[in-house]
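Numbering (the UniProt record's numbering), first residue to last: 1 to 662. Backbone N, C-alpha and C fix where the C-beta goes; we use that ideal spot for every residue, glycine too. Remember, predicted model here, so these are calculated numbers, not experimental data.
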Amino acid sequence: MTGANYIDNDHALPVIRGYRLLRVLNRGGMSTVYLAEQIAPSREVAIKVMAGTALSDEVSRRRFENEVRTIARLEHPHVVRIHELGRTADGLPYYTMPYLARGHLGQRDFRREDGRADEPRIIATVRTLLSALEYAHGRGVVHRDVKAENVLFGDTEQPLLADFGIALRRGFGPRVTATGLAVGSTAYMAPEQARGEDVDGRADLYSLGVLAWEMLTGHLPYEAGDALAMAVMHAQNPIPRLPAHLRHWQRFMNRALAKQPTQRFQDTAQMLAMLAQVERRGRWPRITTGRDRVLRTAARVPGRVWLVAAVVAALAIGLPLAGKDKAAEDAEHAAEILAEEARREDPIPAMLQPLPEAPLQIALDRARQQIAQNRLTTPAEDNAFSSLMNAWASNPDDPAVLELIDTLTTALGESAVANLRAGRDEQAGGQIERIRLLGTETSSLESPAQRRLDSAIEKILEARIAKAAGRTDSSAAIAAAALAEPFGLAPETVRRLQARAAAVPTGSTPRSAAGAVVALATKPVSRDEYAAFADATARKPALCRERSSLLRMLAPRDWRGPGFDQDGSDPVLCVSLADAQAYAEWLSQQTGRSYRLPTAVESRSIAPQISGREVALWQLDCGEGCRERAVLGGSWRKQEARRMLDAGRGYDDVGFRLLRDP
C-alpha cells in the first residue's frame, strides 16, 4: 500500500466565499479536494468541489446536495463530519470537512519487521471501520465508496471513514465505464454496484473485505489497468487464495468477497463474529511444513477419493502432534480445498450447448415492448426505463441502445408535455425528473429529444407568463417561471423567464363583500358558450336595442345576429341583464360552483381581455329601482367608462363576464 497521488496545482483555484483556498490535496475525475483556510472560525479545512462533468445539470446537483445533507447528519467518532454545503462562484457544489493531516490508509504499511502482516493492527482497523458502517447502515445510509483513500487518520491515529460515495449513487454522474470514475473505486466495488444496480450495506462489506485483503497482503485481490477490466474481474474471476501463513483468513474472505450479496455477510454483526474467529485462529501455533509436503504429494494422485483419504490419513498419522484441535482444523481445511476441486464440472458439455440469447438483446426487446405498452417508468420491476438502463449497462455504445434512449426520451417527453399543458404540474415534474435522470445516466442530456423537451417546456411556461400578465397576476407569472429551474431548463432560459415574470405588474385580488377571495373571469362569455345555454334551455333571445337609427327599429337584432359578423369565440352581445343572470344560474347548476355577475368594484380589480371590437360589460350595480344597471368600459359605440342602461334590453356593444364565488 503505497503513497500519495500526483497532484497538479497549476489549475486555477475556485472562489468560495468565506474561505481562502491554498492548494490541491487530491484530484479525481469526479471531484477535487482542496486545502483551505476558513476565515471564521479560523481553521484549516478540506473542501471537496464536484466537477462540472460529474453533475452536469441542475436536477443532479440538487439531488447531490440533498444527499450531502443526509450524510451531514451522521455523528460518529469514526466518521468524518461535514461542516458546510454550498456552491462555488461558478455554481459547482462543494462541501467542507476537517483537514486530517495524517494521510489515508493507502499510505500506511501494515507489515511487521519480519515482513508478515501485522494482524492485530489490521483486525483493530477493520473493527473500527465496521463500527462506523454499523452506525451508518442503521440510519439507512450506504457508503458506496469504501476504499483505502477514504480511510483517513487524524492526530489521534484512529481511522475515520470519509467521503461517503454520494457521487457514485445512481442518477448523479458517469457510470463505472466512464472516464470520470477512477480505477481506484472499482478496485473495491462490489459486482452489483459495478453493474449499476441498487445496493445496500452488503456492498460496503464487500469493499471492506477488499480493503482487509489489501492490508494483509500489500496488494489488491484483483488488479487491472482500467476501470472496466477491474469491474469484470470482480464480477467473474474466482476469489483468490491467500498465502499459506494467512489461510486462517480464507473463510472470512470467501464470505466477504462472495459474488452474490446473499452469500456474503448480511450485516456488520456477522462480519464482526467471523473476524473474532479469525483472531482466535491466528493465535494457534501453526505447523505447516509437513502438511504442505503431504498436500503437494497427494495432489499428484489421480483419484480424487484416494486423494482425500490419503490427505486425511497423513494429517491424522504422519504429522507432528500439535493438539487434536489443530489436526482437525488442518484436515478440515484440506478437505475443503479438495471438495472445491471435486465440485468443478467438466466444461466440455456446457461449451457444446447452444449460446443463450444475449442479455443486451433481451433487455432491448423488453424495453421496446414496455414502451409500446406505455409502461415507461412503472411498475417498479417491469418498465422501459429499468430495462433500458440494463441494456445500457451491458453496452453503452451499441447503436440500438442509443436509438432506444432517444425513443424513450421522446415518449416520456410527450407524456410530460401533455400533463404540463393540462396543468398537472406534479405529474409532469416527476416525468421530467426521470427524463433528466435518463440523460444524466446515459450522457444524453444534449440529445435532440432532450432539446425538443426543453423547447416545449419553455413555450408552455412562456404562455403561462403571458396569460398571467394579461390578468396582471404577478404571483401566477412568478409561479410559472419558478418551474423552469427544477424542470432542467438552461440557466440563461431560466433567467429570461424569471425576468419576464418579474416585470408583470401586481393587480389587486378580487374579493367579495365579506372579504373572501373570488375568481373573476378575464374574458367575456363567448357566443359558443352562450349558444350551449340557449340550446339547452330554449331561452328566447332578448330584443337588441340599436340606438340612433329608426330604420333599425324596423329590423330587430338579437345575439345570433347583432348586425355584424362574429366568430364563436367573440363576446356574446345583445343579451339583457336577465339573460346574463340566467346563464350564470345555468352554469352553476352544470358545474356545482356558484357563478354570478361581478360588481363594479370587483371588475376594476382585473381588467378584461377582449379581442376584436371593444365592448362594455354588464355589472350587478343598479340605479334607482334597479330598472337600470351599470355597464363598465368603453365600447365601439361609446367611450364612456361607466353608463347606466335599461336592464330589460340587450345592446350590440354590451356583453358580460362572470365571477365565481369561493
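**Message:** Which of the three DSSP states is assigned to H83 in this structure?
**Reply:** coil
**Request:** Within its chain, find whatever has a CB closer than 8 angstroms to the CB of Q581; leave out the 5 residues flanking it on each side and keep chain order.
**Result:** R596 and L597
**Prompt:** When the Cα atoms are used, what is the spatial distance from A4 to Q107?
**Reply:** Reliability of the predicted coordinates at A4 is poor, the pLDDT of 41 falling under 50, and the value obtained from them is presented with this limitation in mind. Cα-Cα distance, rounded: 7 angstroms.
**Asked** Name the DSSP beta bridge partners of R660, please?
**Response** A519 and Y595
**Prompt:** If you measure from the beta carbon of E602 to each beta carbon in chain B, is any gap under 8 angstroms?
**Reply:** Going by chain labels, chain B is absent from the structure shown, which holds only one protein chain.
**Prompt:** Per DSSP, what kind of secondary structure is P191 in: helix, strand or coil?
**Reply:** helix
**Request:** Determine the DSSP secondary structure at R286, reduced to helix, strand or coil.
**Result:** Low per-residue confidence applies at R286: pLDDT is 47, beneath 50, and the placement is therefore not dependable enough to give any value.
**Item:** Reduced DSSP secondary structure (H/G/I, E/B, other) of A630
**Value:** strand
**Contact between the stretch 82-89 and the stretch 53-72 (3+ Cβ pairs under 8 angstroms)** = yes
**Prompt:** Could you give the distance in angstroms between the alpha-carbon of A590 and the alpha-carbon of P524?
**Reply:** First, the residue type needs correcting, since residue 590 is Gln and not Ala in the sequence shown. Q590 and P524: Cα-Cα distance of roughly 18 angstroms.
**Asked** For the candidate residues V631, N254 and P243, whose alpha-carbon lies nearest to that of N237?
**Response** Of the candidates V631, N254 and P243, N254 places its Cα closest to the Cα of N237.
**Prompt:** Do you know whose CA, among A190, E403, V33 and A630, lies nearest M644's CA?
**Reply:** A630
**Prompt:** Per DSSP, which one or two residues make a beta bridge with R23?
**Reply:** L35
**Asked** From this set, G561, G423 and E446, which residue's C-alpha is nearest I405's C-alpha?
**Response** E446
**Prompt:** Sorted by chain position, which residues of the same chain lie with C-beta nearer than 7 angstroms to Y188's C-beta, five sequence neighbours on each side aside?
**Reply:** V146, K147, S207, V210 and L211
**Request:** Taking all protein chains shown into account, decide if S475 is buried (16 or more other Cβ within 10 angstroms of its Cβ) or exposed.
**Result:** exposed
**Burial state of C626 (16 or more Cβ within 10 Å)** = exposed
**Message:** By DSSP's criteria, I47 is part of a beta bridge. Which residues make up the other side?
**Reply:** Y34 and T96
**Request:** Return the residue from the list I478, A499 and T410 that minimises the CA-CA distance to S455.
**Result:** T410
**Asked** So, do the stretch 228-242 and the stretch 266-273 have three or more beta carbon pairs nearer to each other than 8 angstroms?
**Response** Put simply, the stretch 228-242 does not touch the stretch 266-273. Fewer than three CB pairs are less than 8 angstroms apart.
**Asked** Anyone know if the C-beta pair for V24 and A36 falls short of 8 angstroms?
**Response** no
**Item:** Alpha carbon of L437 to alpha carbon of P159, nearest angstrom
**Value:** 35 angstroms
**The alpha helix (DSSP H) enclosing P491, as first and last residue numbers** = P491 to A502
**Asked** What's the C-alpha gap between G173 and L228?
**Response** Confidence in G173 is poor, its pLDDT being 40 and thus under 50, which makes the residue's placement unreliable; the coordinate value appears in the next sentence. Going by the C-alpha atoms only, they are around 16 angstroms apart.
**Message:** If I measure Cβ to Cβ from V80 and keep anything under 6 angstroms in the same chain, skipping five residues before and after, which residues do I get?
**Reply:** M97, L160 and A162
**Asked** What first and last residue would you give for the alpha helix (DSSP H) that runs through F487?
**Response** Taken as a continuous stretch (DSSP letters only), F487 belongs to no alpha helix (DSSP H), as it is neither H nor E.
**Where A380 sits in the DSSP three-state scheme** = coil
**Request:** Pick out whichever of C622, G140, A600 and L21 has its Cα sitting closest to the Cα of A641.
**Result:** A600
**Request:** Write down the C-beta distance between S526 and S569 rounded to the nearest angstrom, noting that I regard them as a contact closer than 8 angstroms.
**Result:** 5 angstroms
**Item:** Run of the alpha helix (DSSP H) containing R539, from where it starts to where it stops
**Value:** First-last for R539: undefined, no H or E at that position.
**Prompt:** Are the stretch 559-575 and the stretch 608-624 touching, with three or more C-beta to C-beta distances below 8 angstroms?
**Reply:** Yes, the stretch 559-575 is in contact with the stretch 608-624.
**Prompt:** How is the beta strand (DSSP E) around Q107 delimited, first residue to last?
**Reply:** Where Q107 is concerned, there is no enclosing beta strand (DSSP E), given that its DSSP letter is neither H nor E.
**Request:** List the DSSP bridge partners of S603.
**Result:** None; S603 has no bridge partner.
**Message:** Rounded to whole angstroms, what is the Cα-Cα separation between K540 and Q431?
**Reply:** 50 angstroms
**Message:** Please list the terminal residues of the continuous alpha helix (DSSP H) segment that includes P159.
**Reply:** Run containing P159: none in the alpha helix (DSSP H); it sits in the beta strand (DSSP E), P159 to L161.
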